[in-house]
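Residue numbers (this note's numbering): 12 to 178. Glycine included, each C-beta is placed from N, C-alpha and C at the ideal position. It should be emphasised that the depicted structure is a prediction, and the values quoted were computed from it without experimental measurement.
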Ligand code: FES
């Protein structure tokens, strides 16, 4: 009788152990299926090295399929406390380069330090603020974080939260 109970206990523990390993393996496999692929995670972030930018330089990068402008401001350019990003001793302006009227892509005029939208004549200053025509609001600021002299688009750092009023 004692032999039967011990054998039954042993079988029960063995089957329980096998079932636990099976459940664990299934959970690991399910998590691997649900998690985004590393390439998808990586494509959500764009890192831009700001250290090579010259004063007055305008650069456009693609972030999640939309153009984002970055301008390293000169001392003569208008400061916009509510939108400028300070990295080291330099001020930068950045935003999603999409017109807030009907979504055209304005071009940047380096000479005038303005964005011009060819669709209906809207204009934005170098800070991305709407200054003329039908655009109702400034160009949007994408989520970003500053990492040393690098701009990382796609992560909400303290600088971004301060600009959008969530700090
Ligand atoms: S879409 Fe830019 S002014 Fe209309």
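- One residue list follows from the rule of a beta carbon closer than 7 Å to any heavy atom of the ligand FES, given in chain order as 110, 112, 113, 114, 115, 117, 128, 130, 131, 132, 133, 144, 145, 146.
- With the rule of 3 Cβ pairs closer than 8 Å, the segment 115-131 does not count as touching the segment 153-172.
- In this structure, DSSP gives residue 166 a state outside helix and strand, which the three-state scheme calls coil.
- In this structure, residue 77 places its C-beta atom within 7 Å of the C-beta atom of residue 107.
- Secondary structure at residue 28: helix, using DSSP grouped into helix, strand and coil.
- Membership of residue 106 in the beta strand (DSSP E) is indicated by the continuous run 101-107.
- The Cβ atoms of residue 85 and residue 67 sit closer than 7 Å to each other.
- In this model, residue 95 and residue 34 are separated by some 52 Å (Cα to Cα).
- Here the alpha carbon of residue 24 sits roughly 21 Å from the alpha carbon of residue 38.
- For the beta strand (DSSP E) assignment, the uninterrupted runs of no fewer than 3 residues enclosed by the segment 87-143 are, from N- to C-terminal side, 96-98, 101-107, 118-120, 125-127, 134-136, 141-143.
- About 15 Å separates the CB atoms of residue 138 and residue 110; that is not less than 8 Å, and the two are not in contact.
- For residue 100, the closest of 160, 175, 172, 18 by C-alpha to C-alpha distance is 160.
- In the three-state reduction of the DSSP assignment, residue 85 falls in the coil class, being assigned neither a helical nor a strand state.
- For residue 156, the enclosing beta strand (DSSP E) covers residues 155-158.
- With a threshold of 16 other beta carbon atoms within 10 Å, residue 158 falls short and is exposed.
- Distance between residue 71 and residue 36, taken at the CA atoms: about 45 Å.
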